[in-house]
Every structure is written in structure tokens, then in C-alpha cells.
Amino acid sequence: MWLTLLPFWLVPVYIVMSVFTFIVYGIDKYKAKKDKVRVPESTLHIYDVLGGWLGAVFAQAFFRHKTLKQPFRKWFLLTISINILCVVVLALLPVLTNLNR
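The UniProt record's numbering numbers the first residue of the sequence shown as 1 and each following residue consecutively.
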């Protein structure tokens, strides 16, 4: 039922961001193998927190990339938590604002 509280645009945003983030992780893995300038971890985390974390999960498994580096994993889990918290607040905002009426 709480899914009906989410804005209609949220699912397409998650899909686009997840596909985009998956591609960026693939590019970073390619650059790592070729010893080229990499995508900054902070950039990856920004994409994760903006909704691309699901694509990042699949990319990490598919490319076997960023799966063992502990500081990265800690921040990655934090970005997922922040994103989910924001979605929950977004879903509950209409309910919470109507409680006062």
C-alpha cells in the first residue's frame, strides 16, 4: 500500500539512474584494467545516493568491481541507507502533513 504514496516519477528516475550508474561502474572497471584515470569514488557515491544504487549493486557483481575495498563498501552502504530513508520520507510526507488537519 505504501508504494501508492510514492510519486509517479520515482520509478523511471530509479531505472535511468541505475542503468547510468551500471555503465559508469563498467567504465571505471575498464579504466582500472587499462591503468587510466578513474572515475572518482565520490562521483560513484553521488550516483548511488541519487537512485543509482541498485544499478551499482548489479555492476559490482557483474564486473566484480568495488566489492572488497572496505572504505568504499562502508560509504556505499551509507548511500543506500540515505537513499532509502529519503524515499520513505518522500512516501510518508503526504500522510504526515495530513495528520495536523
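We treat Cβ as the ideally placed atom computed from N, Cα and C, and that holds for glycine. Since the model is a prediction, treat every value here as computed from it, not as a measurement.
Our contact map puts residue i next to residue j with C-beta atoms below 8 Å; I'd like the distance itself, whole angstroms only.
i: Lys31; j: Val37; result: 7 Å
i: Thr79; j: Asp48; result: 4 Å
Under 6 Å Cβ to Cβ from residue i, same chain only, skipping five residues before and after it: list those, please.
i: Ser18; result: Gly52, Leu54 and Gly55
i: Trp75; result: His45
What residue does the alpha helix (DSSP H) around residue i start on, and which one ends it?
i: Val89; result: Gln70 to Asn98
i: Trp53; result: Trp53 to Phe63
i: Thr43; result: Glu41 to Tyr47
Alpha carbon to alpha carbon, what distance is there between residue j and residue i?
i: Val87; j: Phe63; result: 28 Å
i: Phe39; j: Asn98; result: The sequence as given places Val at residue 39; Phe does not occur at that position. The straight-line gap from Cα to Cα measures roughly 43 Å.
i: Pro94; j: Thr4; result: 11 Å
Suppose the cutoff is 7 Å on Cβ atoms and the five residues either side in sequence are ignored; what does the same chain contact list for residue i look like?
i: Tyr14; result: Gly51 and Leu54
Report all residues from its chain with a CB closer than 8 Å to the CB of residue i; omit the five preceding and five following residues, and keep chain order.
i: Phe20; result: Tyr47, Gly52 and Gly55
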